[in-house]
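Read the structure below first, then the notes.
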Amino acid sequence: MKRHVLSLLVENHSGALSRVSGLFSSRGYNITSLSVAETEDPSVSQMTIVVYGEESILGQIFKQLDRLIDIINVTDYIDEPLIVREVVLVKVDNSTETRREVLELCSIFGARVLSTVPSNLVLELTGATESINDFIQMIKPYGIRGLVRSGATAISRSRD
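Quick note on our numbering: the sequence shown kicks off at 8 and runs consecutively.
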């Protein structure tokens with residue numbers, strides 16, 4: 008199965024997200040990542056969806072997406088060079104024994120410390136999915152108390 012990063016421009020009103028996700032779930036496809044926000048035009052939102060699947064079945068879903076009334080445009084970035092980013096916020100134990108090592112990991116990955124209290128640190132990292140995954144694996148031994156992660160956001164590197 009191949010990874011597909013989809014960009015959907017949709018009319019910004021209630022129910023659009025539900026209709027889009029319903030098309031995937033009715034075909035038995037799990038959406039790996041989903042990010043939605045308004046564009047520069049407040050009446051239009053962009054959805055970035057990451058899904059793994061067979062070309063033939065996903066092709067059918069794309070055609071159905073194009074027919075939804077809320078959809079303005081569907082782009083599958085399967086063969087295009089992309090810039091893809093995620094954000095992760097991690098709350099990790101703050102002890103005098105491990106603080107220096109945690110801060111070194113932050114420096115290596117380019118993470119920022121957003122909050123420091125005696126019991127924990129809150130860290131932020133923006134990066135490619137693989138970097139986020141690597142950071143999480145490296146920080147786990149230091150005691151993760153909480154973790155939230157955005158969905159992927161993507162933009163084409165093409166000149167248009």
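Heads up, the beta-carbon is just placed ideally off N, CA and C, and yes, glycines get one too.
Local Cβ density within 10 Å of residue i, reported as buried at 16 or more and exposed below that
{"i": "Tyr59", "result": "exposed"}
{"i": "Thr160", "result": "buried"}
{"i": "Leu72", "result": "buried"}
{"i": "Asp77", "result": "buried"}
{"i": "Ala23", "result": "buried"}
{"i": "Glu93", "result": "buried"}
{"i": "Ser5", "result": "The chain is shown from 8 up to 167; residue 5 falls before or after that span and cannot be answered."}
{"i": "Val124", "result": "exposed"}
{"i": "Ile146", "result": "buried"}
Residue i in three-state terms, based on DSSP
{"i": "Tyr149", "result": "helix"}
{"i": "Leu110", "result": "helix"}
{"i": "Ser25", "result": "helix"}
{"i": "Asp77", "result": "coil"}
{"i": "Ser63", "result": "helix"}
{"i": "Glu104", "result": "coil"}
{"i": "Ser122", "result": "strand"}
{"i": "Asn127", "result": "strand"}
Per DSSP, cross-strand counterpart(s) of residue i
{"i": "Leu206", "result": "Because the chain in this structure spans residues 8 to 167, residue 206 falls outside the shown range and cannot be described."}
{"i": "Ala44", "result": "Gln53"}
{"i": "Leu132", "result": "Val95"}
{"i": "Ser157", "result": "Per DSSP, none; premise fails for Ser157."}
Within 7 Å, strictly: CB atoms of residue i and residue j
{"i": "Thr55", "j": "Ser28", "result": "no"}
{"i": "Gly158", "j": "Leu41", "result": "yes"}
{"i": "Leu196", "j": "Val155", "result": "Residue 196 falls outside the range modelled here, since the chain spans only 8 to 167, and no answer is possible."}
{"i": "Leu121", "j": "Glu131", "result": "yes"}
{"i": "Gly153", "j": "Asp100", "result": "no"}
{"i": "Ile85", "j": "Leu30", "result": "no"}
Proximity test, Cβ basis, 7 Å: residue i and chain B
{"i": "Ile90", "result": "Going by chain labels, chain B is absent from the structure shown, which holds only one protein chain."}
Residue i beta carbon near the ligand SAH (any heavy atom closer than 6 Å)
{"i": "Asn37", "result": "This structure does not include the ligand SAH; it has no bound ligands of any sort."}
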